[in-house]
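*Asks:*
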Amino acid sequence: TQGQVITCKAAVAWEANKPLAIEEVQVAPPQAGEVRIKILFTALCHTDAYTWSGKDPEGLFPCILGHEAAGIVESVGEGVTEVQPGDHVIPCYQAECRECKFCKSGKTNLCGKVRAATGVGVMMSDRKSRFSKNGKPIYHFMGTSTFSQYTVVHDVSVAKIDPKAPLEKVCLLGCGVPTGLGAVWNTAKVEAGSIVAIFGLGTVGLAVAEGAKTAGASRIIGIDIDSKKFDTAKEFGVTEFINPKDHDKPIQQVIVDHTDGGVDYSFECIGNVSVMRAALECCHKGWGTSVIVGVAASGQEISTRPFQLVTGRVWKGTAFGGFKSRSQVPWLVDKYMNKEIKVDEYITHSLKLNEINKAFDLMRERGCLRCVLEV
Ligand code: NAD
Ligand code: AHE
Ligand code: ZN
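To get the UniProt record's numbering, take the position in the sequence shown, counting from 1, and add 3.
Okay, here's the thing in structure tokens:
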């Protein structure tokens with residue numbers, strides 16, 4: 004198949020909110036600096052649902068969504084040296100070129116090399132898509148497009164991993180789990196003994212709990228409007244639960260009252276701008292730090308009294324938990340293989356690619372964390 008167009012199945016989002024359609028699509032060979040990957044397993048993340056909803060300002064249709072996956076390199080374009088056909092890989096929506104201003108700064112995991120192209124659904128070299136159906140182009144998504152049996156990505160967006168790792172599990176290390184762990188370890192740098200509050204106990208929030216537990220947090224307060232989340236959350240390290248629906252007072256006040264003035268660190272893992280405000284305002288005066296992880300829709304804005312920051316609270320955000328993707332995803336896979344981090348525990352459902360609409364329905368149901376699709 005090397006050098007040839009591959010026809011394969013993919014779930015195409017033709018329009019916002021219209022059910023995805025399983026289609027035969029054409030996938031062009033990788034050009035210079037590109038890698039074609041046979042995707043074996045992909046999970047669904049709430050960011051896929053967000054873009055599909057039409058609320059993502061970068062959402063373009065028709066497109067092939069998906070960004071939490073694992074597969075095997077099928078072929079590589081000219082000049083690609085770090086991976087070769089047969090390598091087991093995780094596509095990374097956050098690239099790492101190691102050459103750009105961002106990568107060299109030592110201050111961020113964001114990479115500038117291909118971001119301009121991945122934000123508009125094309126490849127960097129010719130600003131064109133490698134996907135088409137009957138000659139009509141279909142946009143890429145987040146530089147990954149994993150809801151397809153084959154995808155083409157930039158070489159700076161591919162992490163080569165231990166071939167012994169089970170791909171049906173480690174696909175989760177493409178987004179949600181690293182995001183939560185890294186929000187604690189890299190972005191907030193939570194110290195032992197800290198009091199932590201987590202808003203939203205989905206996959207990302209539970210991974211924050213796991214990260215906080217390993218960092219030695221003394222109290223881990225989980226806040227969710229779905230009390231069913233509390234039983235599972237205990238297994239991930241949450242020590243106390245608050246359902247805002249059980250209280251008349253604003254949730255930030257409830258937390259401040261419970262913690263002798265506020266928490267050391269808080270994490271918003273929902274994507275709700277009023278909860279983001281509460282997450283900042285439940286932080287302790289003088290030092291409390293709040294990290295925004297959730298993705299909010301186009302047009303949504305955060306607000307608080309500047310006095311909250313004047314009096315020492317810090318507002319931060321994180322993308323992919325601050326992890327350098329190509330360098331650190333393989334390390335996370337090794338940690339999983341050594342049983343140092345959970346992954347299996349986040350997988351509540353497994354389906355086939357052609358059941359993808361059912362998988363999106365499941366995401367809205369209680370008890371669903373990650374659904375993994377066999378592609
Ligand atoms: P999820 O839907 O599984 O989890 C969200 C949780 O929040 C659910 O348990 C829900 O019951 C709870 N919730 C909803 N509204 C609430 C409210 N008002 N108060 C308290 N709890 C509430 O989602 P997820 O997959 O864990 O993702 C969480 C967010 O993180 C999404 O916005 C996603 O797009 C974003 N995300 C960001 C990054 C990043 O790099 N920054 C990476 C992955 C995901
Ligand atoms: N196009 C969206 C951007 C949403 C966003 O912030 N994405 C996160 C990853 S979410 C993964 O589930 C991210 O990494 N952002 C950094 C980046 O470079 O996109 C919007 O709302 O505009
Ligand atoms: Zn995601």
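Glycine included, every Cβ here is placed at the ideal spot set by N, Cα and C.
Going by alpha carbons, who is nearest to residue 330 out of 18, 162 and 82?
*Replies:* Closest option to residue 330, Cα to Cα, is 162.
*Asks:* Just to confirm, does residue 71 get its C-beta within under 7 Å of one of the non-hydrogen atoms of ligand 3?
*Replies:* Yes, Cβ of residue 71 sits closer than 7 Å to a heavy atom of ligand 3.
*Asks:* From residue 334 to residue 261, what distance separates their C-alpha atoms?
*Replies:* Going by the C-alpha atoms only, they are around 37 Å apart.
*Asks:* So the alpha helix (DSSP H) residue 331 belongs to, where does it begin and stop?
*Replies:* Where residue 331 is concerned, the enclosing alpha helix (DSSP H) stretches over 328 to 340.
*Asks:* At a cut of 8 Å, does the stretch 30 to 44 reach the stretch 125 to 141 through at least three beta carbon pairs?
*Replies:* Judged by Cβ distances under 8 Å, the stretch 30 to 44 makes contact with the stretch 125 to 141, as three or more pairs qualify.
*Asks:* In the DSSP output, what is residue 29 paired with across the bridge?
*Replies:* Answer is 10 and 135.
*Asks:* Below 8 Å on the Cβ atoms is my guess for residue 222 versus residue 242; work out the distance and round it to an integer in Å.
*Replies:* Between residue 242 and residue 222 the Cβ distance is about 6 Å, and since that is below 8 Å, they are a contact.
*Asks:* Looking at C-alpha atoms only, which residue of 42, 52, 11 and 278 is the closest neighbour of residue 23?
*Replies:* Looking at the Cα atoms, 52 is the closest of the given residues.
*Asks:* Looking at ligand 1, does it come within less than 7 Å of residue 49, judged from the CB to the closest heavy atom?
*Replies:* Yes.
*Asks:* Exposed or buried, which one is residue 312 when buried takes at least 16 other CB atoms within 10 Å?
*Replies:* Looking at its Cβ environment, which holds fewer than 16 other Cβ atoms inside 10 Å, residue 312 is exposed.
*Asks:* Give the straight-line distance between the Cα atoms of residue 181 and residue 253, rounded to the nearest whole angstrom.
*Replies:* Roughly 31 Å separates the two Cα atoms.
*Asks:* Based on DSSP bridge pairs, tell me the residues matched to residue 373.
*Replies:* Bridge partners of residue 373: 350.
*Asks:* Find the nearest neighbour of residue 219 within the set 230, 239 and 226, judged by alpha-carbon distance.
*Replies:* When only C-alpha atoms are compared, the closest one is 239.
*Asks:* Output needed for residue 259: all residues of its chain with C-beta closer than 7 Å, excluding positions within five of it in sequence on either side, in chain order.
*Replies:* 265 and 285, listed in sequence order.
*Asks:* If you follow the beta strand (DSSP E) that residue 318 is in, where does it begin and where does it stop?
*Replies:* Residues 317 to 320.
*Asks:* Looking only at C-alpha atoms, which of 323, 56, 115 and 155 sits nearest to residue 76?
*Replies:* Looking at the Cα atoms, 155 is the closest of the given residues.
*Asks:* Quick check: the stretch 300 to 315 against the stretch 139 to 156, are at least 3 beta-carbon pairs closer than 8 Å?
*Replies:* The answer is no - the stretch 300 to 315 does not touch the stretch 139 to 156, with fewer than three Cβ pairs under 8 Å.
*Asks:* Could you give the distance in angstroms between the alpha-carbon of residue 93 and the alpha-carbon of residue 250?
*Replies:* Cα to Cα, residue 93 sits roughly 43 Å from residue 250.
*Asks:* By the three-class DSSP mapping on this structure, what secondary structure does residue 66 have?
*Replies:* Here residue 66 sits in strand by DSSP.
*Asks:* With distance defined between alpha-carbon atoms, name the residue in 294, 190, 25 and 16 nearest to residue 10.
*Replies:* Of the candidates 294, 190, 25 and 16, the one whose C-alpha sits nearest the C-alpha of residue 10 is 25.
*Asks:* Any chance the CB of residue 179 is under 7 Å from a heavy atom of ligand 3?
*Replies:* The answer is yes for residue 179.
*Asks:* With 16 other CB atoms within 10 Å as the buried threshold, where does residue 111 fall?
*Replies:* So residue 111 ends up on the exposed side.
*Asks:* Taking buried to mean at least 16 other C-beta atoms within 10 Å of its own C-beta, is residue 84 buried or exposed?
*Replies:* Exposed, by the Cβ-count rule.
*Asks:* Just to check my reading of the structure: residue 414 and residue 172 have Cβ atoms closer than 8 Å, yes? What is that Cβ distance to the nearest angstrom?
*Replies:* This structure gives no information on residue 414, because the portion of the chain shown stretches from 4 to 378.
*Asks:* For residue 72, which residues does DSSP report across the bridge?
*Replies:* Per DSSP, 45.
*Asks:* Select from 62, 121 and 153 the residue whose C-alpha is nearest the C-alpha of residue 43.
*Replies:* Among 62, 121 and 153, the Cα nearest to that of residue 43 belongs to 153.
*Asks:* If you draw a straight line from the alpha carbon of residue 187 to that of residue 139, how long is it in whole angstroms?
*Replies:* Each residue's alpha carbon lies about 43 Å from the other.
*Asks:* So, at 7 Å on beta carbons, what are the nonlocal neighbours of residue 190 in its own chain, with the 5 sequence-adjacent residues on each side left out?
*Replies:* Correct list, in chain order: 294, 319, 321, 324 and 325.
*Asks:* Thinking C-alpha only, which one of 170, 365, 199 and 345 is nearest residue 377?
*Replies:* Checking every option, the nearest Cα to that of residue 377 belongs to 170.
*Asks:* Mind reading off the beta-carbon distance from residue 79 to residue 65? Whole number of angstroms is fine, and I expect it under 8 Å.
*Replies:* Residue 79 to residue 65, Cβ: 27 Å. No contact.
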